[in-house]
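Worksheet for the structure shown next.
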Ligand code: SF4
Ligand code: SF4
Ligand code: SF4
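Chains as they are written, first to last, in the working numbering: chain A, 178 to 569; chain B, 71 to 351.
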């Protein structure tokens with residue numbers, strides 16, 4: 178059973194490793210010379226690419242972890258079991274990336290352990306910080322359960338298996354809390370964040386979208402993995418997940434409209450400003466379009482249909498976060514912000530590490546479902562062409 | 071006994087003595103400024119300039135008025151920066167000053183996350199971007215002087231009586247007296263109610279919105295509720311959600327488990343192998 182660890186190096190992987198290496202050098206420079214030397218951040222734009230994209234989007238994209246955990250382990254919808262581990266893995270890696278980007282971003286990084294001891298519990302960030310730290314721990318433990326299938330240490334495996342239920346519950350409650358409080362972070366921006374995005378219920382929008390993003394993310398990721406490893410994508414699973422996403426999108430849209438009209442800012446969406454146009458794009462292209470694509474069976478049942486709609490959902494959530502962090506704040510913040518080349522390099526490097534880590538783990542641990550087993554459960558008879566292995 | 075300062079914009083001549091006094095008293099380094107086509111430089115508070123004087127040209131009744139506005143931390147009654155900080159590095163003292171504990175009280179817990187900068191409605195806290203381990207910087211209401219019973223450095227330096235230091239309550243009364251005895255004043259004390267009230271109060275003879283003190287944002291009046299009270303409205307639900315949602319999940323888990331067959335998770339997965347054909351184990 179015990180094979181040796183394997184990791185085949187392809188040219189593509191060398192590029193990823195190269196990017197990661199560059200990022201490490203830039204990160205060192207950032208620690209030595211400070212944020213001002215490396216980033217384009219300013220007093221007007223205290224948060225930039227690392228917080229806005231790596232942290233906010235990284236964590237949102239990791240939403241697949243908790244929504245799948247909910248569907249599979251709490252509702253016990255066993256047919257989704259084949260995707261559960263892959264979702265957990267991406268989520269874990271996403272969180273580690275978020276924590277690393279946080280460490281890079283904080284100015285006084287030598288104090289990074291202080292928040293564990295000095296509590297400002299009136300702060301939203303306090304909740305975010307604790308939930309993310311705890312949840313990452315929970316995920317490491319959950320993953321430990323898989324790890325010890327390969328690295329056989331029986332007593333540890335036993336303890337972990339016993340602890341799985343409370344871990345699973347915590348693994349859903351904690352992300353629910355901090356996905357929403359990532360939204361609550363922006364409550365303080367009242368009168369500055371454009372009212373199309375600012376709302377007292379912005380925490381609801383954040384946690385809800387992180388949840389419906391989950392299945393879409395799993396779809397994209399499953400398809401990519403299938404491509405890379407020349408396997409069949411679990412299209413039937415993805416297709417049946419779309420129902421969850423579709424209804425959640427519909428609820429999101431309705432609540433959004435109610436919220437806008439309740440605050441009397443509905444008309445701002447149509448005043449032709451840059452913000453209003455961005456908002457309309459967000460709503461029409463990334464919310465309404467996927468709803469329709471999911472609603473029409475002829476589109477939903479095909480591989481390209483599911484993947485395209487899911488891609489729209491995923492990009493849409495990123496688009497939404499970018500609008501909150503940048504578009505909606507631009508008018509009141511003034512000044513300009515565009516990430517420096519160094520900020521880009523660090524971001525690129527971090528996501529390269531994410532890809533490498535994912536590849537390494539699925540090649541060495543039982544994460545993806547066994548092919549023959551999958552054959553049995555393949556209910557829809559359609560054969561999916563996966564083409565040649567692209568040797569990721 | 072919370073202190074405050076009343077700023078009467080109509081009296082300011084834009085001499086910037088307050089800026090100089092602030093820099094001198096607080097030992098802030100001078101910076102090289104660039105030529106700008108106005109009288110505003112440096113324009114906005116930053117880590118080395120805790121107070122600035124902005125100029126505004128206001129057209130009123132076919133008359134052109136120059137107005138100068140000293141800006142600094144407002145020392146909010148319920149400061150957003152204090153509530154935002156997850157290491158509680160800002161604190162509103164009972165004297166009224168909002169101070170930064172790492173530099174003021176030598177309690178260095180700040181991690182430099184800059185959420186305080188996002189949170190402040192007046193864009194006050196500034197970061198030492200050029201330092202490897204930067205602090206957050208802002209006006210500290212000359213807390214050291216205040217404790218000794220002295221006026222803030224900027225107030226002492228002001229030659230025109232634009233700045234008046236005293237008890238906030240008394241200053242508020244005086245502000246309304248001045249407004250009511252002179253029809254030129256705008257009928258509003260800026261800082262009385264904005265974001266829950268601030269220790270620094272402004273009165274003016276030109277509309278506040280035209281001199282950089284926002285009374286409206288996106289067509290709506292700025293909040294009179296403090297930012298901490300808004301976030302607390304949401305944050306206070308955390309423990310209930312934690313317990314309630316946890317209980318619901320546990321219940322759901324047991325309920326659905328009885329229906330579903332127990333599954334041996336581990337067996338359906340495998341590691342993928344790109345190197346060679348899968349061998350039977
Ligand atoms: S003006 Fe800003 S920095 Fe000053 S006390 Fe208020 S919130 Fe804090
Ligand atoms: S930068 Fe420092 S003072 Fe500001 S919120 Fe973060 S930890 Fe608190
Ligand atoms: S109160 Fe003190 S620190 Fe604040 S602006 Fe005046 S002189 Fe500067």
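Glycine included, every Cβ here is placed at the ideal spot set by N, Cα and C.
Identity of the residue in the options nearest residue i by Cα
{"i": "residue 304 (chain B)", "options": "A:426, A:378 and A:428", "result": "A:378"}
{"i": "residue 339 (chain A)", "options": "A:534, A:393 and A:321", "result": "A:321"}
{"i": "residue 290 (chain A)", "options": "A:255, A:299, A:307 and A:301", "result": "A:307"}
{"i": "residue 291 (chain B)", "options": "B:119, B:341 and B:265", "result": "B:265"}
{"i": "residue 301 (chain B)", "options": "A:342, A:304 and A:373", "result": "A:304"}
{"i": "residue 520 (chain A)", "options": "A:207, A:192, A:536 and A:445", "result": "A:207"}
{"i": "residue 463 (chain A)", "options": "A:474, A:495, A:453 and A:476", "result": "A:495"}
{"i": "residue 164 (chain B)", "options": "B:180, B:156, B:146 and B:173", "result": "B:146"}
{"i": "residue 588 (chain A)", "options": "A:388, A:499 and A:493", "result": "Here chain A covers residues 178 to 569 and nothing more, so residue 588 (chain A) does not appear."}
{"i": "residue 192 (chain B)", "options": "A:368, A:438 and A:460", "result": "A:368"}
{"i": "residue 515 (chain A)", "options": "A:223, A:398, A:194 and A:447", "result": "A:223"}
{"i": "residue 297 (chain A)", "options": "B:160, B:339, B:182 and B:225", "result": "B:160"}
{"i": "residue 288 (chain B)", "options": "A:380, A:370, A:407 and A:417", "result": "A:370"}
{"i": "residue 192 (chain A)", "options": "A:449, A:541 and A:532", "result": "A:532"}
{"i": "residue 208 (chain B)", "options": "B:217, B:198, B:215 and B:181", "result": "B:198"}
{"i": "residue 151 (chain B)", "options": "B:189, B:100 and B:223", "result": "B:189"}
{"i": "residue 194 (chain B)", "options": "B:286, B:140 and B:72", "result": "B:140"}
{"i": "residue 493 (chain A)", "options": "A:349, A:465 and A:469", "result": "A:465"}
{"i": "residue 175 (chain B)", "options": "B:286, B:210 and B:182", "result": "B:210"}
{"i": "residue 364 (chain A)", "options": "A:538, A:506, A:213 and A:544", "result": "A:506"}
{"i": "residue 366 (chain A)", "options": "A:381, A:472 and A:510", "result": "A:510"}
{"i": "residue 155 (chain A)", "options": "A:459, A:454, A:501 and A:249", "result": "Since the first and last residues shown for chain A are 178 and 569, residue 155 (chain A) lies out of range."}
Exposed unless 16 or more other CB atoms sit within 10 angstroms - verdict on residue i
{"i": "residue 279 (chain B)", "result": "exposed"}
{"i": "residue 558 (chain A)", "result": "Any answer about residue 558 (chain A) is weak, because its pLDDT of 33 lies below 50 and its placement is not dependable; what the coordinates show is given next. Exposed is the call here."}
{"i": "residue 560 (chain A)", "result": "Confidence in residue 560 (chain A) is poor, its pLDDT being 34 and thus under 50, which makes the residue's placement unreliable; the coordinate value appears in the next sentence. That one is exposed."}
{"i": "residue 202 (chain A)", "result": "exposed"}
{"i": "residue 269 (chain A)", "result": "buried"}
{"i": "residue 297 (chain B)", "result": "buried"}
{"i": "residue 383 (chain A)", "result": "buried"}
{"i": "residue 288 (chain A)", "result": "buried"}
{"i": "residue 162 (chain B)", "result": "buried"}
{"i": "residue 186 (chain A)", "result": "exposed"}
{"i": "residue 294 (chain B)", "result": "exposed"}
{"i": "residue 325 (chain B)", "result": "exposed"}
{"i": "residue 195 (chain A)", "result": "exposed"}
{"i": "residue 170 (chain B)", "result": "buried"}
{"i": "residue 114 (chain B)", "result": "buried"}
{"i": "residue 309 (chain A)", "result": "buried"}
{"i": "residue 332 (chain B)", "result": "Here residue 332 (chain B) scores only 49 on pLDDT, less than 50, and its place in the model should not be relied on; the value that follows carries that caveat. When all chains shown are included, residue 332 (chain B) counts as exposed."}
{"i": "residue 247 (chain A)", "result": "buried"}
{"i": "residue 106 (chain B)", "result": "exposed"}
Opposing strand residues paired with residue i [DSSP bridges]
{"i": "residue 287 (chain B)", "result": "B:290"}
{"i": "residue 126 (chain B)", "result": "B:137"}
{"i": "residue 236 (chain B)", "result": "B:74"}
{"i": "residue 119 (chain B)", "result": "B:116"}
{"i": "residue 545 (chain A)", "result": "B:340"}
{"i": "residue 197 (chain B)", "result": "B:206"}
{"i": "residue 162 (chain B)", "result": "B:168"}
{"i": "residue 268 (chain B)", "result": "B:146"}
{"i": "residue 260 (chain B)", "result": "B:272"}
Any non-hydrogen atom of ligand 5 within 7 angstroms of residue i CB
{"i": "residue 117 (chain B)", "result": "Looking at this structure, you won't find ligand 5 anywhere; what it does contain is ligand 1, ligand 2 and ligand 3."}
Can we say the region 238-250 of chain A touches the region 268-287 of chain A, given the rule of at least three CB pairs closer than 8 angstroms? yes
Is the region 521-536 of chain A touching the region 485-496 of chain A in the sense that three or more CB pairs, one from each, lie closer than 8 angstroms? no
Looking at C-beta atoms only, is the number of pairs between the region 183-200 of chain A and the region 508-527 of chain A that lie closer than 8 angstroms three or more? yes
Closer than 7 angstroms, Cβ to Cβ, to anything on chain C: give me those residues from the region 468-479 of chain A, in chain order. As a matter of chain content, chain C is missing from the structure shown, whose protein chains are A and B.
Would you call the region 228-240 of chain B and the region 252-261 of chain A in contact, with 3 or more CB pairs under 8 angstroms? no
Taking three-plus beta-carbon pairs below 8 angstroms as touching, is the region 160-174 of chain B in contact with the region 313-320 of chain B? no
For ligand 3, list every residue whose C-beta falls under 6 angstroms from any of its heavy atoms, going in chain order. B:91, B:92, B:95, B:96, B:120, B:121, B:142, B:209, B:210, B:211, B:212, B:222, B:223 and B:224
Counting Cβ pairs, one atom from each stretch, are 3 or more of them under 8 angstroms apart for the region 272-288 of chain B and the region 79-86 of chain B? yes
Is the number of C-beta pairs between the region 439-450 of chain A and the region 394-412 of chain A that are closer than 8 angstroms three or more? no
Answer yes if the region 397-406 of chain A comes into contact with the region 422-437 of chain A, meaning at least three C-beta pairs across the two stretches below 8 angstroms, and no otherwise. no
Taking contact to mean at least 3 C-beta pairs separated by less than 8 angstroms, is the region 226-234 of chain B in contact with the region 254-262 of chain B? no
Taking contact to mean 3 or more Cβ pairs, one atom from each stretch, closer than 8 angstroms, check whether the region 465-476 of chain A and the region 421-435 of chain A are in contact. yes
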